[in-house]
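One structure below.
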């Protein structure tokens, strides 16, 4: 089992990663960050993507969907933004956020690797 710092370091090793964060979507606070910088303010991204998660959860409630969100993908011209909601003991209300450079990333592989990071994460 990996702690937050170790898990974020593993996420940062995913090909094309610009930055990664572990976020509490009940508060919008980032519990851990790696990468980002001038290219991407991860604190702002964490707070803003909290709104995305809340909106999707609310939409599912309104639609009466009895399913779980695995991940949310936002595709930009030059980037992928991947939001993976965490499941399991102590992980409710958390998500992993991964920003990828589209020209260097393999989206399918990134999703697979982020799932592995989630499985190893102990909060």
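Residue numbers (my numbering): 17 to 139.
Glycine included, every Cβ here is placed at the ideal spot set by N, Cα and C.
Under the three-state reduction of DSSP output, residue 22 falls in the helix class. In this structure, residue 51 keeps its C-beta atom at 8 Å or more from the C-beta atom of residue 62.
Between residue 139 and residue 110 a beta carbon distance of about 7 Å is seen, short of the 8 Å cut, so the two are scored as contacting. Apart from sequence neighbours up to five positions away, the residues of its chain that approach residue 23 with a beta-carbon distance below 6 Å are 133, 137, ordered along the chain. The criterion of a C-beta distance shorter than 8 Å is not satisfied by residue 36 and residue 46. Here the C-alpha atom of residue 104 lies approximately 20 Å from the C-alpha atom of residue 77. Around the beta carbon of residue 42, fewer than 16 other beta carbons lie within 10 angstroms, which makes this residue exposed. Here the C-alpha atom of residue 31 lies approximately 17 Å from the C-alpha atom of residue 92. CA-to-CA, the gap between residue 116 and residue 55 works out to about 11 Å. With respect to the C-alpha of residue 39, the residue from 94, 84, 66 having the closest C-alpha is 66.
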